[in-house]
Amino acid sequence: MIFLLLSLAGVPSGSEARASAIPPESPPRAPGAPDLIPLAVSCYSSRDAARIDLSTDPEGSDPGSLLMDDTGTTPSVFPPAAGGGSSRHKYLPVLFSLLVPGTGELYLGHYVRGGLLLGAEIAAWTGYAYYQDKGLDGRAEYESFADAHWDYDKWIDDHLATEGLVDPTFAELDSIGRNHWDQWPGYHTWYSKEEEKQNYYETIGKYDWFISGWEDWDGTSHDTSLRTTYRGMRTASNDDFDTADKFIYLSIATRVFSLIDTYFLVRRAESDASAKAESGLSIKARATGLASGEVALVYRFQ
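With the first letter of the sequence shown counted as 1, position 120 gets the number 119 in numbering that gives the first Met the number 0; the numbers rise by one all the way through.
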């Protein structure tokens, strides 16, 4: 319930529209006494008082006139509240969080929460940079290792599929692999370094079809120490790249969380500000004409 104490009514007695706001019987005035400002006291329900705003007056309204509600039956001394528009910058913190996680919370004054999210974002990009560089260094190392210990000509000359051939060629070796799967199940398509660099460095260490190119292959074994070392180097490099990707996922998750968190913080701040503005005791006054005015004592509570 909202109570309003209205004084300085200054309403002419002949107005029927204003009679509903003034008690039927005004206090009697002694003979010869000076004119007194009549006191008008009214009590409004929360529904009616929610329409009152002492700070504005509708354009074209008659000063001092009473406004009726939608049904035209409930009197009100004050005009209805004008629709308040929110600031166009109220969601600026959300944009900050979208760009850099945690900055929206810092802008709103949530320093601990914003600092943690900003720290997580910095850690994510630091971790990504570290493992990405480590993976690139590892790639350069295993490529140099392969260039030093795997040879194209040795692969063809020493391949078991070319036994009995004099000075075998790549075309002969590739034809044997394609047409005799039952004898050479380890066959794999050849990719030169110039054509497919990534596939080249993967296949020479992964498939047995290329094992004869390693300089320590003895002609009988299914593996070599050099190829085993090379595989380990490639695995370590790829693991570093995978770890770098995980830090990217961490950055994305931090950004999404900060964006949602800041949105709800903005909404909560708006709700708190509205509740604060609508509660408590206040006095409002305004002039309604040259010789009249209105004063209201307002108490709002949730």
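By construction, the Cβ of each residue, glycine as well, lies at the ideal position given by its N, Cα and C atoms. Since this is a predicted model, take the numbers as computed values, not measurements.
State the DSSP-derived secondary structure class of residue i, mapped to helix, strand or coil.
i	result
GLY292	strand
TRP213	strand
TRP154	helix
TRP149	strand
PHE246	helix
GLY59	Model confidence at GLY59 stands at a pLDDT of 44, short of 50, so the residue's coordinates are unreliable; what they give is reported in the following sentence. GLY59 falls in the coil class under three-state DSSP.
SER25	With a pLDDT of only 46 at SER25, under the threshold of 50, the placement of this residue in the model should not be trusted; the figure read from the coordinates follows. Here SER25 sits in coil by DSSP.
So, residue i versus residue j, is the Cβ gap smaller than 7 Å?
i	j	result
TYR130	ALA268	no
TYR206	ASN198	no
ARG95	GLY108	Note that residue 95 corresponds to Phe in the displayed sequence, not to Arg. Contact flag unset, no.
GLY137	SER236	yes
SER257	LEU116	yes
TYR127	ILE247	yes
GLU140	TYR200	no
PRO100	THR253	yes
To which residues of the same chain is residue i closer than 7 Å at the C-beta, ignoring the five residues directly before and after it?
i	result
LEU225	HIS148, TRP213, GLU214, ASP215
LEU172	ILE155, HIS158, ALA160, THR161
GLY176	ALA160, TRP183, TYR186, TRP208
TYR90	VAL265
ASP239	TYR130, LYS133, GLY134, GLY137
Leaving aside the five residues before and after residue i along the sequence, list all residues of the same chain whose C-beta is less than 6 Å from its C-beta, in chain order.
i	result
THR223	TRP213, ASP215, TRP216
ASP34	With a pLDDT of only 48 at ASP34, under the threshold of 50, the placement of this residue in the model should not be trusted; the figure read from the coordinates follows. So no residue of the chain qualifies.
ASP150	GLY212
LYS153	GLY212
Considering only residues of the same chain and omitting the five flanking positions on each side of residue i, which have a CB-CB separation below 8 Å?
i	result
ARG230	GLY204, LYS205
THR168	ILE155
SER232	Sequence inspection shows Met at residue 232; the Ser mentioned does not correspond to that position. Once the five neighbours on either side are set aside, the close Cβ partners of MET232 are GLY137, GLU140, TYR141, PHE144.
Exercise for the section: Decide if the region 252-272 is in contact with the region 183-203; the criterion is three or more beta carbon pairs, one per stretch, under 8 Å apart. Expected result: These segments do not touch.
Practice task
Report the residue ranges of all alpha helix (DSSP H) runs contained in full by the region 100-124; include only those spanning at least 4 residues, in chain order.
Solution key: The qualifying runs are 102-106.
Exercise for the section: Answer yes if the region 130-139 comes into contact with the region 105-121, meaning at least three C-beta pairs across the two stretches below 8 Å, and no otherwise. Expected result: The answer is no - the region 130-139 does not touch the region 105-121, with fewer than three Cβ pairs under 8 Å.
Exercise for the section: Write down every uninterrupted run of the beta strand (DSSP E) in the region 157-200 whose length is 3 residues or greater and which is fully enclosed by it, in chain order. Expected result: If we require 3 residues or more, the region 157-200 turns out to have no beta strand (DSSP E) run fully inside it.
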